[in-house]
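For reference, the structure discussed in these notes is given below.
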Amino acid sequence: MAVSAVKIVKFIIRRYDPEKKEFFTSTYEVPVRKGMTVLDALLYIKENLDETLTFRYSCRMGICGSCALRVNGKSTPICNLQVLDLGTDTVLIEPLANLPPIRDLVVDVRPFFERFKTVRPYLLRPPGEPEEEFRQEPKVFKRYWPLSPCTSCASCLSACPASIDDAFLGPSALMTNYRFMIDTRDAGLEERLKVVGDTIWLCTACSSCTLVCPKEIDIASAIVEEKSILVEQGRIARRIADVLENAMIYHNPLGRLQAKRLEWAEGLEPPLKLAPEVGKADRLLFICCLQAFEARHQEVARAVVRTLRASGLDFASLGPEEWCCGDHVLRMGEKGLFEELAEHNASAFEKYGVSEVITVSPHCYYVFKNEEPYRQLGLTVLHYTEVLAEAIGSGKVRPSRALKGLRVAFHDPCFLGKRSGVYEAPRQVLEAIPGIELVEFGRNKENSFCCGGGAGRVWTEEAEPEKRPSVNRLREALELGVDVIATACPFCTCMLEDAAKVLDVEEKIAIRDMAELLAQAL
Ligand code: SF4
Ligand code: SF4
Ligand code: FES
22 MAVSAVKIVK FIIRRYDPEK KEFFTSTYEV PVRKGMTVLD ALLYIKENLD
72 ETLTFRYSCR MGICGSCALR VNGKSTPICN LQVLDLGTDT VLIEPLANLP
122 PIRDLVVDVR PFFERFKTVR PYLLRPPGEP EEEFRQEPKV FKRYWPLSPC
172 TSCASCLSAC PASIDDAFLG PSALMTNYRF MIDTRDAGLE ERLKVVGDTI
222 WLCTACSSCT LVCPKEIDIA SAIVEEKSIL VEQGRIARRI ADVLENAMIY
272 HNPLGRLQAK RLEWAEGLEP PLKLAPEVGK ADRLLFICCL QAFEARHQEV
322 ARAVVRTLRA SGLDFASLGP EEWCCGDHVL RMGEKGLFEE LAEHNASAFE
372 KYGVSEVITV SPHCYYVFKN EEPYRQLGLT VLHYTEVLAE AIGSGKVRPS
422 RALKGLRVAF HDPCFLGKRS GVYEAPRQVL EAIPGIELVE FGRNKENSFC
472 CGGGAGRVWT EEAEPEKRPS VNRLREALEL GVDVIATACP FCTCMLEDAA
522 KVLDVEEKIA IRDMAELLAQ AL
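Counting in this note's numbering, the sequence shown runs from 22 upward without gaps.
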């Protein structure tokens, strides 16, 4: 029995013309039935509307990985993705990114497989060894089995900001290399460490790869584990070692004196309440190292205090007892040092009876919520944008001064958005500021493009401009024609401001933390 169409869905398809070497767009209307997949819709177009449309598929069962495309910005196989599940009346289809286009939606996947081949995705055994059974305990098997079902769909490579640089091996190849490192049958550790080389540090731990993987492989965590093996073996680049040494000696990755940790709060009126002075702090404001020590970011920290005070909140700071939260250190693979930093902060939280922490950086926010020993404290952890959105919603904060005619695009920080699922609070704050026209990046929310600063890359960036995620993102903002990129993360602010310098567009576009914009409107 024929199934009738539920609705008409518009398919906008971005296609590549190999003769003209440029992209163009075709639009089709498809009557969508219940259960129809995106691949079914493309086949409908090819059979009924445009036989020239070219795309790739094979198994139609989610096994071969050949059908992956970008659907409404998300890289994903399309043969088991139902159109009605997308919940939109318009669907944008694009070829995978980070691979050369061939025709229409077909990309050249050879660079993906070449990177994969480099890591030799099979067991490496000593030469001349007699063939015999391998024995393995179930607990060993369980460690690498979740990393094994990769279908080579290349969705992760397409979503990966670090992969705009060909030198980066890519998420699946790095994850697979690690999968064999922890397989007790594999005898190729030395080769596997060598193949990773110096470029693994380009991974920003943004988690885009993990979010898009159809096999739900936690690729981003596997890469952090791989880095931790390199750290254990002392095989780290000098620039990485410098950051880790700073964090070890000075308790902040910048290598500044902890005694100066409170310089950012000088001039605040009334002065910042300090937990070590008052002996107790139910609600704590935790300042990021960048904001504690760098003049540009100190301004943001003060703006956060002004806006939180406007909402009537009482809070204190740990002052010089505040150490780096350890997020970047952990994502660089230095687990022991992370534990040291985290245990210090966690015991300070306990000492001062802290039950709620407001963070300025999404990185502090993420570790306090998700990593031990912080997590076991059962703290209420809030990002300052969540606090301000609530204060605006309840009428405690009323921005009244208009920032007239300002076109603003909000850049989702990965540790706030992709990793923590906080998308609406910052937008609610920006929408409440009179005069601001909020514009969305094409790549937004879960498909947002990383600034390139995570996992310590903010201190170690040395790629040429075209290979920097920050420059790529800034170009996107310039194409949008916005006056301001609003951020809610010190690392995004830092990376994007550097990119504006590199492109020499500081006069054309400003990078502002949301707290600065809100403080200006109060
Ligand atoms: S975590 Fe981000 S930068 Fe690292 S491999 Fe995954 S997508 Fe790429
Ligand atoms: S790791 Fe996941 S997203 Fe990446 S190629 Fe394999 S199946 Fe696809
Ligand atoms: S066609 Fe094989 S995974 Fe989609």
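Where a beta carbon is used, it is the ideal one built from N, C-alpha and C, also for glycine.
Annotation for Ala-337: no beta strand (DSSP E) segment contains it, and DSSP assigns it neither H nor E.
Contiguous alpha helix (DSSP H) elements confined to the stretch 141 to 187 occur at 159 to 165 and 176 to 180, taking only those with 4 or more residues. In chain order, Ala-302 and Leu-305 place their CB closer than 6 Å to the CB of Val-375, counting only its own chain and leaving out the 5 sequence neighbours on each side. Residue state for Val-402 is assigned as strand, using DSSP reduced to three classes. Ala-476 and Thr-197 do not touch by the CB rule: their CB atoms are close to 19 Å apart, not below 8 Å. Nearest Cα to Gly-473 within the set Ala-268, Arg-489 and Phe-462: Arg-489.
The shortest CA-to-CA distance from Val-27 to any of Ala-268, Lys-55, Ile-34 and Ile-33 is the one to Lys-55. Judged by DSSP in its simplified three-state form, Tyr-49 adopts strand. Just measuring C-alpha positions, the residue of Leu-64, Asn-101, Glu-43 and Thr-109 sitting nearest Val-30 is Thr-109.
Ranked by Cα distance from Leu-126, the options Ser-79, Ala-89 and Pro-159 are led by Ala-89. It is roughly 10 Å from the alpha-carbon of Thr-139 to the alpha-carbon of Arg-213.
Taking 6 Å as the cut-off, the C-beta of Arg-81 counts as close to a heavy atom of ligand 3.
For the 7 Å CB-CB criterion, Cys-515 and Val-479 form a contact. Taken through DSSP and simplified to helix, strand or coil, Asp-239 comes out as coil. Counting every other CB atom within 10 Å of its CB across the protein chains shown gives Gln-312 a total of 16 or more, marking it as buried. The beta carbons of Ala-367 and Pro-394 sit closer together than 7 Å. Using a cutoff of 6 Å, the CB of Tyr-65 does not count as near ligand 3, since none of the ligand's heavy atoms is closer than that. The C-beta distance from Ala-430 to Phe-462 rounds to 5 Å, short enough to meet the 8 Å contact threshold.
Taking a C-beta distance under 7 Å as the contact criterion, Ala-536 and Val-252 do not qualify as a contact pair. If only complete runs of 4 or more residues are kept, the stretch 372 to 460 shows the alpha helix (DSSP H) at 383 to 391, 405 to 414 and 445 to 452, in order along the chain.
In this structure, the straight-line span from the alpha carbon of Ala-484 to that of Lys-425 is close to 37 Å.
A straight-line Cα-Cα distance of about 11 Å links Ala-322 and Ala-540. A residue is called buried when at least 16 other Cβ atoms come within 10 angstroms of its Cβ; Asn-69 does not meet this threshold and is exposed. Distance from the C-beta of Cys-310 to the nearest heavy atom of ligand 3 is not below 6 Å. DSSP places Ser-491 in the uninterrupted alpha helix (DSSP H) bounded by 490 to 501. For Tyr-78, there is no enclosing beta strand (DSSP E), since its DSSP letter is neither H nor E. The beta carbon of Gly-56 sits no closer than 6 Å to any heavy atom of ligand 3.
Under the criterion of beta carbons closer than 8 Å, Leu-120 and Val-112 do not qualify as touching, at roughly 21 Å. One Cα belongs to Phe-76, the other to Lys-95, and the distance between them is close to 17 Å.
Where Ala-531 is concerned, the enclosing beta strand (DSSP E) starts and stops at 531 to 534. Residue pairing from DSSP places Pro-122 in a beta bridge opposite Val-128.
With respect to the C-alpha of Tyr-444, the residue from Glu-458, Ile-457, Ser-415 and Glu-407 having the closest C-alpha is Glu-407. With a contact defined as Cβ atoms closer than 8 Å, Phe-314 and Arg-277 qualify at about 4 Å.
Here the stretch 283 to 296 makes no contact with the stretch 349 to 362; the two share fewer than three CB pairs at distances below 8 Å. Taking a contact as a CB-CB distance under 8 Å, the pair Tyr-199 and Glu-246 counts as one, their CB atoms being some 6 Å apart. Shown here for Tyr-405: same chain residues with a beta carbon closer than 6 Å to its own, the five before and five after excluded, namely Val-325, Ile-379 and Val-381 in chain order.
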